[in-house]
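Peer 1:
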Amino acid sequence: MAGEKVALKHGAGGRAMRALIEDVFLALASPVDGIGLSALDDGAALRVGDRWLVVTTDSHVVHPIFFPGGDIGRLSVCGTVNDLAMMGATEPLALTCAVILEEGFARADLERIRDSMLEASREAGAPIVTGDTKVMGRGEVDGVVLNTTGVALADRVVSDAGLRPGDRILVTGTVGDHGMAVMTRRHQLGLEGDLRSDVAPLNGLVREALRAGGEDVVAMKDPTRGGLASVLHEMAGKAKVGVVLREPDVPVNPEVRAACEVLGIDPLVVANEGKAVIGVRPAAADRVLAALRAHPLGRRAAIVGTALAERPGQVILDTGLGRRLLAEPDGEPLPRIC
Amino acid sequence: MASALDELKFRDPEKARALTEALAREVEAVGRAPVSVMHVCGSHEQAIARFGLRAAFPRGLDVIMGPGCPVCVTDTPEVDEAVALAAQGARVCTYGDMLRLPGTSRSLADAQAEGGKVEVVYSVSQAVDLARQRPAEQVVFFASGFETTAVATAAVVLAGVPENFSVLSAHKYVPAAMDVVSEMKETNIEGFVAAGHAATITGWGIFEPFARRTGNPVVVAGFEPLDVLAAVLELVRLIRLKRAEVVNCYPRCVTREGNRPAQEKLWRVFDVVSGNWRGIARVPRGNLELKPEWDRVNARRRFQIDTAAVGGAARNTLADQCICGSIMSGLAKPDQCVLFGKECRPESPVGACMVSSEGACKIWHVYGGHPDLQEVA
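Sequence order for the protein chains is A and B.
This note's numbering puts the first residue of the first sequence at 33, with every later residue one more than the last.
This note's numbering puts the first residue of the second sequence at 3, with every later residue one more than the last.
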């Protein structure tokens with residue numbers, strides 16, 4: 033539309049962002065042998081012989097750069113490793129790293145970010161093999177922007193569109209940790225306590241889920257911006273199924289629950305950086321759950337929902353006291369002020 | 003952190019199930035459907051919507067939100083006064099919910115975008131601080147809310163305010179919200195759930211004359227899901243027994259007499275006067291206005307407010323389709339409005355009920371848009 037401007041909500045992972053991507057960038061899509069841009073999945077999967085080359089890219093900006101439980105360096109490696117893993121590619125071949133710096137950025141901070149990247153890439157088994165560095169004038173970019181691209185080979189690709197009625201939906205652990213840790217630090221809300229980001233590479237955990245579930249693992253996505261609510265809407269919409277989410281079964285740390293209650297924010301819309309949402313055929317659900325719980329990053333994994341034939345594209349929240357529709361997040365959740 | 007977790011005992015699913023089962027039996031025993039009850043508080047609607055309680059209510063029970071959002075019933079001319087004061091150069095301070103409330107042609111947010119000095123404050127004291135910091139300016143606090151926030155306004159006025167500070171009161175009086183609905187011929191409300199936080203100040207005794215006069219029972223309720231379920235159950239029981247009584251189901255906060263020192267402050271500063279409520283009616287005892295002895299802090303007395311200068315723009319065709327008045331009177335539900343969730347959304351509200359976090363439309367929209375999921379297995 034003439035005169036329309038991009039707003040912050042267009043990057044927040046919800047309805048507005050999806051509309052922007054569909055309206056503007058979908059025109060870039062062309063037919064590919066595999067999963068391309070038009071699927072709007074976590075990455076692309078291109079057929080190479082009898083295997084799949086999975087590619088994904090992600091730019092990272094976060095305020096503050098250092099937060100309880102992590103920093104932008106760890107985030108940039110984990111984000112891309114996790115996007116690969118969500119496509120079923122748990123053995124990353126390599127990552128690239130492009131960095132854009134603002135004039136005046138502290139070198140010590142940059143080295144600290146580098147150390148975090150190195151540590152996370154070792155955890156994930158994903159070497160960083162090439163990069164690019166740019167410096168912009170003061171005020172032309174805010175501190176530091178990191179972009180990472182990841183490539184991996186996979187025997188089977190898991191999309192985010194594979195749910196059928198009856199399938200079970202699992203989360204690999206507590207939700208809301210990353211977003212609340214960053215938000216309380218960003219707004220200096222003095223609520224931090226034990227709030228810590230969950231940022232972690234998930235490829236090892238997902239490998240165990242795939243080993244246990246095989247072909248019965250039918251959909252995966254990491255609930256980053258927009259949280260669990262956004263991911264479930266996306267999975268339900270793409271697969272044309274309804275989803276019932278049982279709120280009492282969703283693991284939430286007590287510190288996160290308390291901070292959310294105080295700020296009037298629903299933990300279901302808060303970002304995670306170390307969790308996956310996994311759709312599994314009913315017969316394999318318990319097996320996959322056991323495999324997740326046996327891994328250090330999956331101890332609090334839980335079965336939280338079921339796909340239905342009714343209400344395609346919608347998410348029904350069973351609160352334990354009643355039932356309602358869950359709204360699709362539309363923009364950044366802001367702390368309630370009054 | 004402990005306090006937030008303590009509240010969870012009022013969210014116990016087992017107890018909730020027992021209450022909803024008892025409620026179903028009680029509604030059945032009334033022997034006709036629907037039994038219609040009304041609450042008059044945005045916070046009650048939030049609890050009902052957030053926890054999906056409408057899906058747990060029996061089919062024969064209709065729990066309706068009445069005019070329980072003080073921001074929503076703030077009338078267009080009141081907004082015009084605030085916009086006019088900003089246009090005349092005053093610094094207008096108000097609560098965040100009031101910013102996008104539509105006036106005749108402009109909201110305070112519009113006035114702000116046009117360069118007017120409009121500030122969102124979190125308390126009336128913050129507005130007084132601003133007045134102290136800027137002695138050369140006129141600072142006007144555009145005050146909204148029921149008795150709960152009116153007490154805060156009164157306390158600040160009584161404590162003494164700088165000469166350049168004044169109040170433009172849009173405070174509303176809770177008992178009037180129930181009066182106005184009970185007098186409407188077209189509603190069939192048989193009982194009321196009263197707001198626990200306002201009753202903490204007024205005391206539950208204030209509802210006794212209403213119950214006697216109208217024959218409608220009143221139950222005072224808290225804001226956790228079990229508070230709401232227990233109160234609705236008690237209310238339906240009173241309806242079945244045809245007992246026009248007041249019952250306090252929120253005894254952990256509310257007493258018969260209420261908070262006497264707060265009431266004393268309130269009535270030293272405010273009078274109950276008649277006023278128009280947006281989309282509803284002229285309400286005989288609906289507004290709280292500063293008493294004549296406080297004329298020196300009353301913006302309406304101190305300034306010539308030229309509302310003609312900020313009104314009278316082209317007719318808003320969308321606003322003509324808005325049914326906020328019917329929604330607040332309990333005659334229609336948010337999802338019966340053709341604009342709901344389409345042209346009218348929280349980021350671009352058409353009607354007052356989509357502006358405030360206490361408004362029925364905003365609450366329904368935030369919690370999924372459609373409350374009734376009884377048909378889904």
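Built from N, CA and C at the ideal position, the CB exists for glycine as well.
Measuring only the C-alpha atoms, how far is residue 364 (chain B) from residue 217 (chain A)?
Peer 2: Their backbone Cα atoms lie some 29 Å apart in a straight line.
Peer 1: Could you confirm whether any beta carbon from chain B is found closer than 8 Å to the beta carbon of residue 52 (chain A)?
Peer 2: Answer no: the Cβ-Cβ gap between residue 52 (chain A) and chain B never drops below 8 Å.
Peer 1: Is the CB of residue 280 (chain A) under 8 Å away from at least one CB in chain B?
Peer 2: Interface residue, yes.
Peer 1: Going by DSSP, what residue range makes up the beta strand (DSSP E) through residue 131 (chain B)?
Peer 2: Note, residue 131 (chain B): premise wrong, no beta strand (DSSP E); alpha helix (DSSP H) at 126-135.
Peer 1: Which value, in whole angstroms, describes the spacing of the CA atoms of residue 86 (chain A) and residue 158 (chain A)?
Peer 2: Roughly 14 Å between the two C-alpha positions.
Peer 1: Can you give me the C-alpha to C-alpha distance between residue 259 (chain B) and residue 223 (chain B), rounded to a whole angstrom?
Peer 2: Cα to Cα, the separation comes out at about 16 Å.
Peer 1: In the DSSP assignment, find the unbroken alpha helix (DSSP H) run with residue 45 (chain B) in it and report its ends.
Peer 2: Note, residue 45 (chain B): alpha helix (DSSP H), 44-52.
Peer 1: Would you give the residue range spanned by the alpha helix (DSSP H) that residue 124 (chain A) belongs to?
Peer 2: Careful: residue 124 (chain A) lies outside any alpha helix (DSSP H), inside the beta strand (DSSP E) at 124-134.
Peer 1: Under 8 Å, do residue 160 (chain A) and residue 336 (chain A) count as touching if we go by C-beta distance?
Peer 2: The answer is no: Cβ separation not under 8 Å.
Peer 1: Output, in sequence order along the chain, the residues in the segment 335-359 of chain A whose CB is closer than 7 Å to any CB in chain B.
Peer 2: Going along the segment 335-359 of chain A in chain order, one finds 342, 343, 348, 349, 351, 352, 353, 354, 355, 356, 357, 358, 359 with a Cβ nearer than 7 Å to chain B.
Peer 1: Mind checking the segment 49-76 of chain B against chain A and listing, in chain order, the residues whose C-beta falls within less than 9 Å of any C-beta there?
Peer 2: Hits within the stretch, in order: 50, 51, 52, 53, 54, 55, 56, 57, 58, 59.
Peer 1: State the DSSP-derived secondary structure class of residue 261 (chain B), mapped to helix, strand or coil.
Peer 2: Residue 261 (chain B) falls in the coil class under three-state DSSP.
Peer 1: How far does the alpha helix (DSSP H) with residue 208 (chain B) in it reach, from first residue to last?
Peer 2: That residue, residue 208 (chain B), is in no alpha helix (DSSP H); it is neither H nor E in DSSP.
Peer 1: Let me make sure I understand the geometry here. Which of A:299, A:207, A:72 has the alpha-carbon closest to that of residue 55 (chain A)?
Peer 2: When each option's Cα is compared against that of residue 55 (chain A), the closest is A:72.
Peer 1: Using a 10 Å radius around the Cβ and a threshold of 16 neighbouring Cβ atoms, would you call residue 53 (chain A) buried or exposed?
Peer 2: Classification of residue 53 (chain A): exposed, given that the 10 Å Cβ count is below 16.
Peer 1: Who are the Cβ neighbours of residue 190 (chain A) in its own chain at under 8 Å, not counting the five residues just before and after it?
Peer 2: Result list for residue 190 (chain A): 118, 119, 120, 242, 249, 250, 251, 252, in chain order.
Peer 1: Helix or strand or just coil, what does DSSP make of residue 253 (chain A)?
Peer 2: Strand.
Peer 1: Please check the pair residue 87 (chain B) and residue 305 (chain B), which I expect to be a contact at CB under 8 Å, by giving their CB distance rounded to whole angstroms.
Peer 2: Their Cβ separation, rounded to whole angstroms, is 7 Å, which keeps residue 87 (chain B) and residue 305 (chain B) in contact under 8 Å.
Peer 1: Measuring alpha carbon to alpha carbon, tell me which residue in A:244, A:357, A:80 is nearest residue 185 (chain A).
Peer 2: Residue A:80 is the option with its Cα nearest to residue 185 (chain A).
Peer 1: I want to know whether the segment 63-71 of chain B touches the segment 175-191 of chain B - three or more CB-CB distances under 8 Å.
Peer 2: With a cut-off of 8 Å, the segment 175-191 of chain B and the segment 63-71 of chain B count as touching, because enough Cβ pairs lie within range.
Peer 1: Rounded to the nearest angstrom, what separates residue 355 (chain A) and residue 146 (chain B) at their Cα positions?
Peer 2: One C-alpha to the other measures close to 33 Å.
Peer 1: Determine whether the Cβ of residue 46 (chain B) lies closer than 8 Å to any Cβ atom of chain A.
Peer 2: Output row for residue 46 (chain B): interface = no.
Peer 1: Look at the alpha carbon of residue 31 (chain B) and the alpha carbon of residue 299 (chain A), and state the distance between them as a whole number of angstroms.
Peer 2: If I take the Cα positions, the gap works out to 40 Å.
Peer 1: Determine the contact status of residue 238 (chain B) and residue 63 (chain B), defining contact as a CB-CB distance below 8 Å.
Peer 2: Yes, the pair counts as a contact, with Cβ atoms nearer than the cut-off.
Peer 1: What first and last residue would you give for the alpha helix (DSSP H) that runs through residue 110 (chain A)?
Peer 2: Residues 104-118.
Peer 1: Measuring alpha carbon to alpha carbon, tell me which of B:50, B:133, B:165, B:101 ends up nearest residue 120 (chain B).
Peer 2: It is B:101.
Peer 1: Kindly list, in the order they appear in chain A, the residues whose Cβ is closer than 7 Å to that of residue 369 (chain B).
Peer 2: Those are 356, 359, listed as they occur along chain A.
Peer 1: I'd like to know if residue 18 (chain B) contacts chain A, where contact means its C-beta is closer than 8 Å to some C-beta of that chain.
Peer 2: At least one chain A Cβ lies under 8 Å of residue 18 (chain B).
Peer 1: Roughly how many angstroms lie between the CA atoms of residue 115 (chain A) and residue 101 (chain A), to the nearest whole one?
Peer 2: About 20 Å.
Peer 1: Does residue 95 (chain A) pass the burial test, meaning 16 or more other C-beta atoms within 10 Å, or should it be called exposed?
Peer 2: The residue in question, residue 95 (chain A), is exposed, as its Cβ has fewer than 16 Cβ neighbours within 10 Å.
Peer 1: Quick check on residue 135 (chain B): buried or exposed, where buried means 16 or more other Cβ atoms within 10 Å of its Cβ?
Peer 2: Per the 10 Å Cβ criterion, exposed.
Peer 1: Hey, is residue 188 (chain A) close to the ligand NAD, as in C-beta under 7 Å from one of its heavy atoms?
Peer 2: The ligand NAD is not part of this structure, which contains no ligands at all.
Peer 1: Is it right to say residue 250 (chain B) is buried, meaning 16 or more other beta carbons lie within 10 angstroms of its own, or is it exposed?
Peer 2: Residue 250 (chain B) is buried by the Cβ-count criterion.
Peer 1: Looking only at its chain, what residues have a beta carbon closer than 6 Å to the beta carbon of residue 274 (chain B), apart from the 5 residues adjacent to it on each side?
Peer 2: Here the set comprises 175, 287.
Peer 1: Which residue marks the beginning of the alpha helix (DSSP H) containing residue 298 (chain A), and which one marks its end?
Peer 2: Unbroken run through residue 298 (chain A): none, as it is neither H nor E.
Peer 1: Going residue by residue through the segment 135-165 of chain A, where are the continuous alpha helix (DSSP H) segments of at least 4 residues, counting only ones entirely within it?
Peer 2: Listed in chain order, the complete alpha helix (DSSP H) runs (minimum 4 residues) inside the segment 135-165 of chain A are 139-156.
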